[in-house]
Amino acid sequence: MGTGGRGGLRPGKGSPEGVTGGKGNPEEASAAPTAAAAAAAASASCQYRCIECNQEAKELYRDYNHGVLKITICKSCQKAVDKYIEYDPVIILINAILCKAQAYRHILFNTKINMHGKLCIFCLLCEAYLRWWQLQDSSQNSDPDDFIRYAKEWDFYRMFAIASLEQAAFFVGIFTFLWIERSIATKKNPNFLLLLKALLLSSYGKLLLIPAVIWEHEYTPLCLRLIRLFVLTSNFQAIRVTLNTRRKLSFLAIVCGLLTESAMVHLFQTMEWDVGSDCADYKSQDF
């Protein structure tokens, strides 16, 4: 566990993979800064965030040579800028599962994680597999030809395309609402690229869809609803942390995304593309 920024920090101890260690050297600080160094320092000031108050920080820890490191204290809240840099990854994961804002700020602002695309594809594959499994399970027929027909790869690809379009509709609804709200309120558009990465990372709860398939069938609808609630809660927290906005605004953004996604689900059901079983229930739940 960490020392909370008040003691020495041994390099590498408990630091999760991907943490970008902001450093400061007292000897270099005494040198007269050039124009280029000043510009670099101004750019570095936006590199990190305090996980407690969300204020910008130039560094996460300071290196005093000989392996002696000390966590930087935030000038605004007088707390450690990022206490999680000396925590075990398991502790960080548990805090993220509990939807703590500090853990989300650490992951989104103070680490370099480049797995957004891979995580998104894997989550969509999990959802597509669940839909394909329910499509196959919804047609109980002893005819082997019928089973082979439902086992075709095209069915799985179709479910993957539907899941991708519904996910895209959910994000478009959120981005549209936030773009309109920010344009009216602050005349400034939010950082949609950072928000997209945050939403993709916060959708990791969809990985639980695979264990839901393995469990008893009669418990599957309840598991799907709980997973859906957890994913939406994570998305809500990701929006609030990324934009540093109010809970009410984040909630309205999620609702707008759900409405857009529900319209897409209804369109697919009208076209008889989607599955009319538990999976449709999972996508159309209003929380």
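Under the UniProt record's numbering, the first residue of the sequence shown carries the number 1, and numbering increases by one thereafter.
For every residue, glycine included, the Cβ atom is placed at its ideal position computed from N, Cα and C.
Checklist entry - Thinking just about the alpha-carbon of each residue, which of Arg-49, His-66, Lys-100 is nearest to the one in Glu-59? => result Arg-49
Checklist entry - Would DSSP call Glu-56 helix, strand or coil? => result strand
Next on the checklist: Please classify Ala-168 as buried or exposed, where buried requires at least 16 neighbouring CB atoms within 10 angstroms.
Outcome noted: exposed
Checklist entry - Any contact of the segment 82 to 102 with the segment 120 to 130, i.e. 3+ C-beta pairs under 8 Å? => result no
Next on the checklist: Considering Cα atoms alone, identify which of Gln-134, Gln-237, Ile-180 is closest to Leu-201.
Outcome noted: Gln-237
Checklist entry - Considering only the beta carbon of each residue, do Ile-184 and Ala-253 sit closer than 9 Å? => result no
Checklist entry - If we ignore side chains and look at the alpha-carbon of each, how far apart do Thr-176 and His-116 end up? => result 21 Å
Checklist entry - When you compare only the Cα positions, how much space is there between Ala-103 and Gly-257? => result 24 Å
Next on the checklist: Just verifying my parser: in three-state terms, what is the DSSP assignment at Asp-88?
Outcome noted: coil
Item to check | Candidates Glu-52, Phe-268, Ala-57, Pro-221, of which the one nearest Ala-163 by Cα | outcome: Phe-268
Item to check | Nearest to Ile-51 (by Cα), restricted to the options Met-271, Ile-121, Pro-221, Ala-80 | outcome: Ala-80
Checklist entry - What is the DSSP secondary structure of Lys-248, reduced to helix, strand or coil? => result helix
Item to check | CA nearest to the CA of Leu-135, picked from Glu-153, Cys-120, Leu-93 | outcome: Glu-153
Item to check | First and last residue of the uninterrupted beta strand (DSSP E) at Tyr-61 | outcome: 61 to 63
Checklist entry - So what does DSSP say about Leu-267, is it helix, strand or coil? => result helix
Checklist entry - What are the boundary residues of the beta strand (DSSP E) that Lys-70 is part of? => result 69 to 71
Checklist entry - Hey, would you say Asp-82 sits closer than 9 Å to Ala-57, going by beta carbons? => result yes
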